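At position 374 of the first sequence the residue is numbered 364 (my numbering), and the sequence of numbers has no breaks. From the three backbone atoms N, C-alpha and C, an ideal C-beta is built for every residue, glycine too. It should be emphasised that the depicted structure is a prediction, and the values quoted were computed from it without experimental measurement.
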Amino acid sequence: MAGRPRAQPAVPPLPHGRTDRPRIVGAPRRAMTRVRFAPSPTGRLHVGNARAAILNWLFAHQTGGSFLLRLDDTDRARSTVEFAQGIEADLAWLGLTHDAFARQSDRFPIYAAAAERLKAAGRLYPAYETPEELDRRRARQRARGLPPIYDRAALKLTGDERARLEAEGRTPHWRFKLNGAPVRWTDLIRGPVEIDTATLSDPVLIREDGAFLYTLPSVVDDADLAISHVIRGEDHVVNTAAQIEIFQALGAAVPEFAHYPMILDVDGGPLSKRLGSLGLADLAGQDIDPMALNSLMAKIGTSDPVEPRRTLAELAAEFAFSKIGHAPARLDPEDLRRLTVKLLHMKPYDEVAAAVPGGEAFWLAIRDNLESLDDAAGWWRAVSEPLEPLAADPAVLAAAAALLPSGDLGEAAWGPWTKAVSAATGKKGRELFLPLRLALTGRDHGPEMKKLLPFIGRERALARLGGQRA
RNA sequence: GGGGCCUUCGUCUAUCGGUUAGGACGGCAGCCUCUCACGUUGCAAAGACGGGUUCGAUUCCCGUAGGCCCCGCCA
């Protein structure tokens, strides 16, 4: 924490907010953990966003802190209320509740005030190049093998030149003047990081049309809303250097940072190309269990085995930055399917009661065999409604009918009964059991017969063994 | 072109310079008196390449190759 470069003098604190972490009165001097998930409502959530949301949520809950949902809707042209609602629905599907909510479009005056303070401090300067000029300039730099960094030509403009440009009708955009010195922080995942802001362009904070770009609102909100930890993907690592300078220029406390590696697609390529098919709404439509996604996103790329967890609380208890590796990890959508099936096999009856006929005992008898919840109803029909038995071996079926124990058929009935049938017919193994299964259930696969038989019942079993529809 | 990060079984990873390189997922095989599933036991499966340092390198250093990220008036 100490010893961070503060080459620029700090300007006075934000008039409306705090510049330090809140302290609980009477509590030890320990800042409360406060994290945020900050999607832009320009689309629905996909697995990439979900990872950010989940990791932040888990850390907040593990540390007893709070989780803020912040809609970064500074891009008013692309942001919609429908997407904002969709994102909330996506989070609700995952079970990621938030403790606080903010919307950047509600906070423009705050950003304007911060911008004014940066201007007063000489850190925010007007530039008049058009996007096309900048594009051309970058292309030229690249062609000459130079890094496409803004050359700060606007900084050299005289007052007269500026006046002339404005007279021509040009409106400036505003850039933050970087220190051009190394920025260092200790990343909770990556360890010590050093980025030399001399290798970066001065970031544009305000567009020509007056709109705030992501960078300034993000920093102002993180400071103003007392975010203690910024947990995000490594695509933000370089931004972080510039953002730290902005925190410092605003005299705000710099939060802790944790940048986790990107997720790759199953072939090791960028996931972004496949994000279209990995939207949360799509996954929900494919009956993926939200805890399958939560479990995968919490465990992928970590030293923990990728196993399903039934609750977010378990995942939170197991969360640790130190378990997260530094290399990008591949996402196999098939894992989501596998985890969903495993979760299904773990489901207690009360969670599926509405979708599963037959009661708890029946559920426990069949759940380990299911690929999907929908199959449960089919098995209930197979034991409780008339079906056409399949007769494969009349001798076996006749012996089975003759030897069927009297009275109620419990789970214990199957073993002795089939042994007796085996003794009577000389059949064993597949030749014995497959005809019985076909006759009793009309199918050649399914849950264990000893568990199914009690639900079929003596009377119906007898009829089916006799080849009758029952 | 520049900067950052990375490279161990198919996949995710463990390894404080000395290990039969461990685990998990997936795969395969056996067992669980039938199938599928569950469970269980077992098997196969890895240090990108080239140098250097060292008694000894997967581990430290350099280089090469490959991958990911960033270099936007997007977020």
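Annotation: E361 to F57 spans about 35 Å, alpha carbon to alpha carbon.
Here DSSP, grouped into helix, strand and coil, assigns A213 to helix. V342: member of the alpha helix (DSSP H) spanning 339 to 342, first to last residue.
With contacts defined as CB atoms closer than 8 Å, A111 and A239 qualify as a contacting pair.
Under the three-state reduction of DSSP output, A201 falls in the coil class, being neither helix nor strand. The beta carbon of R41 sits closer than 7 Å to the beta carbons of I253, M287 from its chain, once the five residues preceding and following it are set aside; these are given in chain order. Annotation: F247 is outside any alpha helix (DSSP H); the continuous beta strand (DSSP E) that includes it extends over 246 to 250. According to the DSSP secondary-structure assignment, Y118 is paired through a beta bridge with no residue. Spatial neighbours of W369 in its own chain (CB-CB distance under 6 Å, excluding positions within 5 residues in sequence) are listed in chain order as I356. Just so you know, the alpha carbons of L155 and D63 end up roughly 31 Å apart.
Proximity to P116 across R93, L147, G275 peaks at L147, based on C-alpha coordinates. By alpha-carbon distance to V296, the top candidate from L270, G266, L333 is L333. If you look at D150, you'll find it in the alpha helix (DSSP H) that goes 149 to 157. About 4 Å separates the Cβ atoms of P31 and A74, confirming a contact at the 8 Å cut-off. With a minimum length of 4 residues, the unbroken runs of alpha helix (DSSP H) contained wholly in the segment 247 to 295 fall at 270 to 275, 280 to 289. In the DSSP assignment, the residues bridged to T176 are P182.
In this structure, I221 keeps its C-beta atom at 8 Å or more from the C-beta atom of F91.
Per DSSP, S56 lies in no alpha helix (DSSP H) segment; the continuous beta strand (DSSP E) that holds it begins and ends at 56 to 61. The C-alpha of Q233 lies about 31 Å from the C-alpha of A307. DSSP, reduced to helix, strand and coil, places L195 within a strand of the structure shown.
Under the DSSP assignment, I139 falls outside any alpha helix (DSSP H); it carries neither an H nor an E label. Residue environment: T176 is assigned as exposed (fewer than 16 neighbouring CB atoms within 10 Å of its CB, all protein chains considered). Contact between P207 and Q276 does not hold, since their C-beta atoms are separated by about 35 Å, which reaches or exceeds 8 Å. Between R127 and K167, the CB-CB gap reaches or exceeds 8 Å. Shown here for A381: same chain residues with a beta carbon closer than 7 Å to its own, the five before and five after excluded, namely L387, A429, G457 in chain order. Cβ contact annotation for E378 (same chain, cutoff 7 Å, sequence separation greater than five): G432, R459, in chain order. Here V37 carries a helix assignment [DSSP, helix/strand/coil].
If you look at F27, you'll find it in the beta strand (DSSP E) that goes 24 to 27.
Residues of the same chain with a CB within less than 6 Å of the CB of D279, apart from the 5 flanking positions on each side, are T330, L333 in chain order.
The three-state secondary structure of G76, taken from DSSP, is helix. In this structure, W83 and L270 form a Cβ contact; the two beta carbons are roughly 6 Å apart against a cut-off of 8 Å.
Between the beta-carbon of R165 and that of L195 there is about 7 Å, and that keeps the pair under the 8 Å contact cut.
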